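Chemist: Provided herewith is a single structure, encoded as structure tokens, for subsequent inquiry.
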DNA sequence: TTGGATACGGAACGCTGCGTATCATAACGC
DNA sequence: GCGTTATGATACGCAGCGTTCCGTATCCAA
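Chains as they are written, first to last, in my numbering: chain A, 22 to 216; chain B, 22 to 216.
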């Protein structure tokens with residue numbers, strides 16, 4: 022571990038850059054986000070940004086991971102429905118009540134075509150979501166609430182896919198959506214059949 | 022209706038531009054799509070492109086609408102499950118077996134933040150999908166297969182959302198996915214309950 | 001047949017923004 | 001103090017968008 026010599030990097034500048042970038046990303050989106058403007062708003066030289074992040078994409082990715090990191094595990098609530106609604110509700114809330122929504126919207130563009138952003142995001146956030154759904158569902162099966170053959174991956178995508186679908190293609194992200202999705206996932210739309 | 026005078030626009034050039042743009046969009050994605058390269062591959066001057074499309078975005082949008090237009094209504098198959106599987110399967114097939122997948126992937130970026138692309142797409146493709154699901158479900162309710170209170174919008178997003186989720190965030194888009202989604206939407210994951 | 005109008009492929013241009021380089025200066029460890 | 005590294009500022013090269021011009025080609029109408 023080498024000793025750091027010379028002038029240390031400014032934490033204040035670091036944070037000012039992240040704050041300015043988040044604000045501007047929300048205001049104008051990823052494509053129209055200009056690092057010159059980020060530097061200006063942060064009161065920082067452009068080189069100071071490039072000393073920390075190699076590209077605009079990686080700066081944006083750090084923003085995204087910073088916003089998705091406050092991840093709260095769902096405790097055992099005794100009710101599978103309650104746990105699923107809590108899980109889905111927290112996702113919807115994060116997307117509508119925090120800067121995550123606009124930032125995610127601005128970066129949706131990059132996931133599919135830009136592995137530098139997409140791969141780390143998949144490896145962390147998407148993976149964490151899947152695992153949390155898996156934990157909740159395992160409890161549900163143990164509890165006797167869920168069918169033992171319920172598929173975790175399908176369930177995750179049925180719960181989260183519609184949310185991102187609306188984030189992408191428009192549609193209300195109201196808190197009502199969560200219980201609707203959970204209800205349908207649990208009960209299905211077929212008329213009662215013997216199982 | 023004014024009479025067109027002078028040299029008419031070349032249909033060959035028009036098609037060559039669309040073909041070249043589709044190929045390059047698939048090869049390199051939207052961001053790295055350069056109109057200079059499109060013009061070069063199409064054997065066309067750049068001005069000829071700008072005479073037809075005001076921007077890169079609108080050209081890409083035309084490509085997308087061209088690829089999504091071969092839309093086939095689902096006939097009455099007598100079985101709601103079969104109709105839903107046919108519907109979902111045709112979406113998956115279009116995304117995996119035709120250029121639509123790469124093109125859609127390349128343009129996903131633009132939907133959320135670029136109303137010039139997002140709004141027309143929502144007004145046409147998304148709307149058509151919803152209406153087709155609505156027709157199928159109406160038949161299912163009439164047939165007694167589906168609960169009368171089934172929500173068309175939720176159903177559409179439960180069927181289509183996961184597909185686009187995988188298109189965006191990775192995951193197999195195998196033909197098996199369709200029946201899995203339909204099965205879950207119909208039956209749900211809860212253990213049998215009286216209704 | 002001829003002339004006006006429009007489109008063609010090709011080339012050059014201005015502009016913007018990314019990422020790099022270079023400055024004099026500031027803040028740290030020794 | 002002295003060497004080292006970071007800072008804010010500014011200038012720069014480069015790439016790509018969208019525009020403009022050119023000489024030529026193709027249509028319609030007179």
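Virtual Cβ for every residue (Gly too), placed ideally from N, Cα, C.
Treat the numbers as computed from the prediction; the structure is a model and nothing was measured.
I want to see whether chain A comes within less than 9 Å of residue 174(B), judged by CB atoms only; does it?
Modeler: On the second chain, residue 174(B) is found 153 positions in, with the first residue counted as 1. It does; some Cβ of chain A falls within 9 Å.
Chemist: Does the separation of the CB atoms of residue 95(B) and residue 156(B) fall below 9 Å?
Modeler: Start at 1 with the first residue of the second chain, and residue 95(B) comes out as number 74. Start at 1 with the first residue of the second chain, and residue 156(B) comes out as number 135. In contact: residue 95(B) and residue 156(B) (Cβ atoms closer than 9 Å).
Chemist: Given residue 206(B), which residues of its chain have a CB within under 8 Å of its CB, disregarding the five upstream and five downstream residues?
Modeler: If you number the second chain from 1, residue 206(B) lands on position 185. 105, 176, 179 and 180.
Chemist: Using beta-carbon positions only, say whether residue 182(B) and residue 184(A) come within less than 9 Å of one another.
Modeler: By 1-based counting over the second chain, the position of residue 182(B) is 161. By 1-based counting over the first chain, the position of residue 184(A) is 163. Going by C-beta atoms, residue 182(B) is nearer than 9 Å to residue 184(A).
Chemist: Once you ignore the five residues that flank residue 141(A) on each side, which residues in its own chain have a CB closer than 7 Å to its CB?
Modeler: The sequence position of residue 141(A) within the first chain is 120, counting from 1. Only 82 meet the Cβ criterion.
Chemist: According to DSSP, is residue 171(B) part of a helix, a strand, or is it coil?
Modeler: As a position in the second chain, residue 171(B) is number 150, starting the count at 1. Residue 171(B): coil per DSSP, three-state reduction.
Chemist: Kindly provide the ranges of any alpha helix (DSSP H) runs that are 4 or more residues long and lie completely inside the stretch 45–84 of chain A, ordered along the chain.
Modeler: 56–63 and 67–73
Chemist: Measure from the alpha carbon of residue 203(A) to the alpha carbon of each residue in 158(A), 192(A) and 190(A), then state which is nearest.
Modeler: Locating residue 203(A) in the first chain gives position 182, counting from the first residue. Here the closest residue by C-alpha is 158(A).
Chemist: Are the stretch 64–76 of chain B and the stretch 113–133 of chain B touching by the rule of at least three beta carbon pairs closer than 8 Å?
Modeler: no
Chemist: Could you tell me if residue 163(A) is buried or exposed, where buried requires 16 or more neighbouring beta carbons within 10 angstroms of its beta carbon?
Modeler: The sequence position of residue 163(A) within the first chain is 142, counting from 1. Classification of residue 163(A): exposed, given that the 10 Å Cβ count is below 16.
Chemist: Go ahead and pull the three-state DSSP assignment for residue 163(B).
Modeler: Here residue 163(B) refers to the residue found at position 142 of the second chain. Looking at residue 163(B) - three-state DSSP - the assignment turns out to be helix.
Chemist: Which of the three DSSP states, helix, strand or coil, is assigned to residue 94(B)?
Modeler: By 1-based counting over the second chain, the position of residue 94(B) is 73. It is coil, neither helix nor strand.
Chemist: Would you list the residues sitting across from residue 211(A) in a DSSP beta bridge?
Modeler: Taking the first chain and counting its residues from 1, the one referred to as residue 211(A) is at position 190. Answer is 167(B), bridged to residue 211(A).
Chemist: At a CB-CB cut-off below 8 Å, which residues of chain B make contact with residue 165(A)?
Modeler: Here residue 165(A) is taken as the residue at index 144 of the first chain, counted from 1. Simply 212.
Chemist: Looking at residue 117(B): is its Cβ nearer than 9 Å to the Cβ of residue 194(B)?
Modeler: Residue 117(B) sits at position 96 when you count from the first residue of the second chain. Residue 194(B) sits at position 173 when you count from the first residue of the second chain. Result yes, Cβ atoms of residue 117(B) and residue 194(B) sit closer than 9 Å.
Chemist: DSSP on residue 140(A), reduced to helix/strand/coil?
Modeler: Counted from its first residue, the first chain places residue 140(A) at position 119. In the structure shown, residue 140(A) sits in a helix (DSSP, three-state: H, G or I).
Chemist: Quick check: residue 161(B) and residue 171(B), are their CB atoms within less than 9 Å of each other?
Modeler: The sequence position of residue 161(B) within the second chain is 140, counting from 1. The sequence position of residue 171(B) within the second chain is 150, counting from 1. Result yes, Cβ atoms of residue 161(B) and residue 171(B) sit closer than 9 Å.
Chemist: From 174(B), 69(B), 113(B) and 85(B), pick the residue whose C-alpha is nearest to that of residue 200(B); which is it?
Modeler: Counted from its first residue, the second chain places residue 200(B) at position 179. Out of 174(B), 69(B), 113(B) and 85(B), 113(B) has the C-alpha closest to the C-alpha of residue 200(B).
Chemist: So what does DSSP say about residue 119(A), is it helix, strand or coil?
Modeler: In the first chain, the residue the question calls residue 119(A) occupies position 98. Residue state, collapsed to three classes: coil.
Chemist: Can you have a look at residue 86(A) and say buried or exposed, based on whether 16 or more other CB atoms are within 10 angstroms of its CB?
Modeler: Your numbering for residue 86(A) matches position 65 in the first chain. When all chains shown are included, residue 86(A) counts as exposed.
Chemist: Please report the distance separating the alpha-carbon of residue 165(A) from that of residue 90(A).
Modeler: By one-based count along the first chain, residue 165(A) stands at place 144. By one-based count along the first chain, residue 90(A) stands at place 69. Here the alpha carbon of residue 165(A) sits roughly 32 Å from the alpha carbon of residue 90(A).
Chemist: Below 6 Å CB to CB, which residues in the same chain sit around residue 57(A) once its five sequence neighbours on both sides are set aside?
Modeler: One-based indexing of the first chain puts residue 57(A) at position 36. Counting only Cβ-Cβ distances below 6 Å, and skipping sequence neighbours, we find nothing.
Chemist: Quick check on residue 178(A) - is its C-beta less than 9 Å from some C-beta in chain B?
Modeler: On the first chain, residue 178(A) is found 157 positions in, with the first residue counted as 1. Yes, because at least one Cβ of chain B sits closer than 9 Å to the Cβ of residue 178(A).
Chemist: List the residues of chain B that residue 205(A) touches, going by C-beta distances under 8 Å, in chain order.
Modeler: Residue numbering aside, residue 205(A) sits at position 184 when the first chain is read from its first letter. Residues of chain B passing the Cβ test: 172, 175, 176, 179, 206 and 209.
Chemist: Run down chain B in chain order and give the residues with a C-beta less than 9 Å from the C-beta of residue 185(A).
Modeler: Counted from its first residue, the first chain places residue 185(A) at position 164. Here the neighbours are 182, 185, 186, 189 and 190.
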